[in-house]
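Notes follow the structure.
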Amino acid sequence: MSRKGELKRGIKESEKEIENLEKKRMRSQSALMEAHVNNVPPKASDVEYFKVYSNLIELERKNLRQLNSELDKL
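Residues 570 to 643, numbered by this note's numbering, are exactly what the sequence shown covers, in order.
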């Protein structure tokens, strides 16, 4: 397969992965917001999940930018 085709496939996969990670982060974000609204401290696990998913999303976005940059150069 051509490099251009590989990059396009990689971009689609990266976009899908970001979407999936954002859905997972949304669950912990909802739990954090609920705790905030109810004036109770959030569960440590919810905070940790939110941080982990946020970091994973940022890494995947960096990867997506790199793939798009490579595609633009071709």
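All C-beta atoms, glycine included, are put in the ideal place defined by N, C-alpha and C.
Contact with chain B by residue i, beta-carbon distance below 8 Å
i: Lys577; result: Protein chains in the displayed structure number just one, and chain B is not present.
Of the listed residues the options, nearest to residue i (C-alpha basis)
i: Ala604; options: Asp615, Leu628, Arg594; result: Asp615
i: Glu582; options: Leu636, Val609, Lys612; result: Leu636
Beta carbon of residue i nearer than 8 Å to that of residue j
i: Leu590; j: Tyr622; result: yes
i: Leu640; j: Lys573; result: yes
i: Ala600; j: Pro610; result: no
i: Ile580; j: Leu633; result: yes
(message) Threshold first: 4 residues or longer. Then list the alpha helix (DSSP H) segments lying entirely within the stretch 583 to 625, N to C.
(response) none
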